[in-house]
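Peer 1:
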Amino acid sequence: MKLRNVFAMITAAAMTLSLAACSGQSTASSTSSASSDSSSSAASESSVSSEKSTASEKSSGASYTIGICNYVDDASLNQIVENINARLAEIESEQGITIEVKYDNCNADANVMNQIIANFAADNVDLMVGVATPVAMAMQSATEDSKTPVVFAAVSDPVGAGLVASLEEPGSNVTGSSDNLDTNSVMNLIFAQNPDAKKIGLLYDVGQDSSTAAIEHAKAYLDDKGVEYVERTATTAEEVALAAQALVSDGVDAVFTPTDNTIMKAELAIYETFADAGIPHYTGADSFALNGAFLGYGVDYANLGRETADMIASILTEGKDPATTPVITFDNGTATVNTEICEKLGLDFDTVSEAFAPYCTRVEEITTAESFSDLES
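Residue numbering for the sequence shown follows the UniProt record's numbering, starting at 1 and increasing by one per position.
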């Protein structure tokens, strides 16, 4: 696979820890119809088999070009891109095709993002991949006339963002994979570890679409439980640091952050603020725990990347229509605990795991590092 990349900040190794998804199984739905008799069923199966064979023959030896734009350089999103590329390389070998990948990272700059997408359009790519909600939305707008297929990755609320009409029937040239967070499960973990928690901090970027629904769910949960909460928002790394310090001053018992890229990018700079104050930081992705948060709960981003690559290939080589290709969703029942932070908070990992057991499928361990590949070295 020819990679004309701007891959300066992306690691080359695949993740060795599958930490943030329940089973890594997708739950995208599909529909099927039954035949009225066994002979028509057999004929249908024969027809489908013939169509698949024909599609495979047509795609063998073919060349495709895709453009991938990453929203920001952080552990979760980098892991997605890394695994998309790894899986596409496998698909090239399996199907005897060539997939040229044009990659760029806009670093959360809207102007740069739009220029990257314009470059993809000028290069007549066969498909665009938007990693994170802002990129996917920009690609949707840019392809309104051309209808170039767009596959998004790690969009928490694709319906709420207006990217798809529904998860089952996207309805346009846009589909992809979602990292939707089960916020109530994270809230359950907070109170499983500390049933006496009286005040919860909510730390997020108000401009991140991925955080909107999760924060509303968290507030509804806490309202029902009669627990006080304090909201602190930030849009830059400097503001995140100030917000973290403010939450310490607010005297919160725990802090919750959903799948928020702004906070994720700043986690390495703030985790000690919370740990030194004895405040556990509960978050919506294992990459937060990798970067020093007490706990990450969410999807397996390595698996998300690979399944996104499979979707890309199905659209390119099988002619699948994004409008009728269901959004891929995932079970997310794994709690990832940073054992270094656990110890610093004065907590026993085995005791924490036992408390968490009723509310998740498994508990994984991780230690602080900048990227998942660092854990291998």
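Note that beta-carbon positions come from the ideal geometry of N, C-alpha and C, so glycine has one too.
Give the range of the alpha helix (DSSP H) segment to which Gly-278 is assigned.
Peer 2: Within the sequence shown, residue 278 is the residue found at index 278, counting from 1. Counting along the chain, Gly-278 falls outside any alpha helix (DSSP H), and DSSP gives it neither H nor E.
Peer 1: Sorted by chain position, which residues of the same chain lie with C-beta nearer than 6 Å to Arg-232's C-beta, five sequence neighbours on each side aside?
Peer 2: By one-based count along the sequence shown, residue 232 stands at place 232. Excluding sequence neighbours, Arg-232 sits near Leu-203, Ala-243, Ala-246, Leu-247.
Peer 1: With distance defined between alpha-carbon atoms, name the residue in Asn-261, Tyr-221, Val-352, Ser-185 nearest to Gly-207.
Peer 2: Within the sequence shown, the letter at position 207 stands for residue 207. The option with the nearest alpha carbon to Gly-207 is Asn-261.
Peer 1: Beta-carbon within less than 8 Å of Pro-322's beta-carbon, same chain only, minus the 5 sequence neighbours each way: which residues are those?
Peer 2: For this step, residue 322 is matched to residue 322 along the sequence shown. Correct list, in chain order: Pro-149, Val-150, Val-151, Pro-170, Ser-172, Asn-173, Val-174, Thr-175, Ile-315.
Peer 1: Starting from residue 379 and walking both ways along the alpha helix (DSSP H), at which residues does that stretch end?
Peer 2: A question about residue 379 goes unanswered here, because the residues of the chain that appear run from 1 up to 377.
Peer 1: DSSP on Ala-197, reduced to helix/strand/coil?
Peer 2: In the sequence shown, the residue the question calls residue 197 occupies position 197. Here Ala-197 sits in coil by DSSP.
Peer 1: When DSSP labels each residue in this structure, what does Asn-83 get in the three-state scheme?
Peer 2: For the purposes of this step, residue 83 is taken as residue 83 along the sequence shown, with counting starting at 1. Helix at Asn-83.
Peer 1: Which one of Lys-147, Asn-111, Asp-126, Asn-105 has the shortest CA to CA distance from Ile-99?
Peer 2: If you number the sequence shown from 1, residue 99 lands on position 99. Looking at the Cα atoms, Asp-126 is the closest of the given residues.
Peer 1: Can you tell me the Cα-Cα spacing of Asp-179 and Gly-130, whole angstroms?
Peer 2: By 1-based counting over the sequence shown, the position of residue 179 is 179. By 1-based counting over the sequence shown, the position of residue 130 is 130. If you take the alpha carbons of Asp-179 and Gly-130, they lie about 14 Å apart.
Peer 1: Assuming Phe-256 and Ile-312 form a contact by the criterion Cβ under 8 Å, report the distance between their Cβ atoms to the nearest whole angstrom.
Peer 2: Locating residue 256 in the sequence shown gives position 256, counting from the first residue. Locating residue 312 in the sequence shown gives position 312, counting from the first residue. With a Cβ gap of about 33 Å, Phe-256 and Ile-312 do not count as contacting.
Peer 1: Go ahead and pull the three-state DSSP assignment for Ala-55.
Peer 2: Walking along the sequence shown from the start, residue 55 turns up at place 55. At Ala-55 the pLDDT is 46, less than 50, meaning the model places this residue with poor confidence and gives no usable figure here.
Peer 1: Between which two residues does the alpha helix (DSSP H) carrying Lys-102 extend?
Peer 2: Working through the sequence shown from its first residue, we reach residue 102 at position 102. That residue, Lys-102, is in no alpha helix (DSSP H); its beta strand (DSSP E) goes 98-105.
Peer 1: Does Ser-371 pass the burial test, meaning 16 or more other C-beta atoms within 10 Å, or should it be called exposed?
Peer 2: If you number the sequence shown from 1, residue 371 lands on position 371. With 16 or more other Cβ atoms within 10 Å, it is buried.
Peer 1: Report all residues from its chain with a CB closer than 7 Å to the CB of Val-252; omit the five preceding and five following residues, and keep chain order.
Peer 2: In the sequence shown, counting from the first residue as 1, residue 252 sits at position 252. So the qualifying residues of the chain are Lys-199, Ile-200, Gly-201, Val-230, Ile-279.
Peer 1: Does DSSP put Phe-294 in a helix, a strand or coil?
Peer 2: As a working mapping, residue 294 is identified with position 294 in the sequence shown. Of the three classes helix, strand and coil, the one that applies to Phe-294 here is coil, per DSSP.
Peer 1: Would you say the stretch 282-291 touches the stretch 334-342, given that touching needs at least three Cβ pairs under 8 Å?
Peer 2: A contact exists between the stretch 282-291 and the stretch 334-342.
Peer 1: Relative to the C-alpha of Ser-185, which residue among Tyr-282, Thr-368, Glu-354, Val-227 is closest?
Peer 2: Position 185 of the sequence shown, counted from the start, is the residue given in the question as residue 185. It is Tyr-282 whose Cα lies nearest to the Cα of Ser-185.
Peer 1: Which residue marks the beginning of the beta strand (DSSP E) containing Ala-153, and which one marks its end?
Peer 2: Here residue 153 refers to the residue found at position 153 of the sequence shown. Here the beta strand (DSSP E) through Ala-153 covers 150-153.
Peer 1: For Lys-265 versus Val-135, is the C-beta spacing smaller than 8 Å?
Peer 2: Translated into the one-based positions of the sequence shown, residue 265 becomes position 265. Translated into the one-based positions of the sequence shown, residue 135 becomes position 135. No, the pair does not count as a contact, with Cβ atoms beyond the cut-off.
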